[in-house]
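Quick notes on the structure that follows.
In my numbering, the protein residues as written are 9 to 132.
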């Protein structure tokens, strides 16, 4: 009987611990190389991500300079938006994807009705 109680207590403790382990925060802070498959070919950009809990700030370095956006990381789901100003007007780019270790991948909604695939790899 005592052995059965010990096993039951151990199983109860394990079952209480598992949700906390699966909820462990993913760390995406740091330098990333973002590759976007555009209709004009593959484009590669540098990303700097700062993370505070679920909130992220993304700085993207492009040939036109740096652009900053904000977003969230919830579990393995990442999303951020960047607003761009061009001679044709202002538009918002929305990046959505998943994180698995040092790789992220997802889709980019261009704000003009298009969707483009992207991948990112952690640098270093």
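All C-beta atoms, glycine included, are put in the ideal place defined by N, C-alpha and C.
query: Proximity of residue 100 and residue 86 at Cβ, strictly below 9 Å; result: no
query: Residue of 51, 50, 120 minimising C-alpha distance to residue 96; result: 120
query: Own chain residues within Cβ distance below 8 Å of residue 146, not counting five before or after; result: No information on residue 146 is available, as it lies outside the stretch 9 to 132 that the chain covers here.
query: Residue span of the beta strand (DSSP E) that contains residue 98, given as start and end; result: 97-108
query: Spatial distance of residue 49 from residue 102 (CA atoms); result: 19 Å
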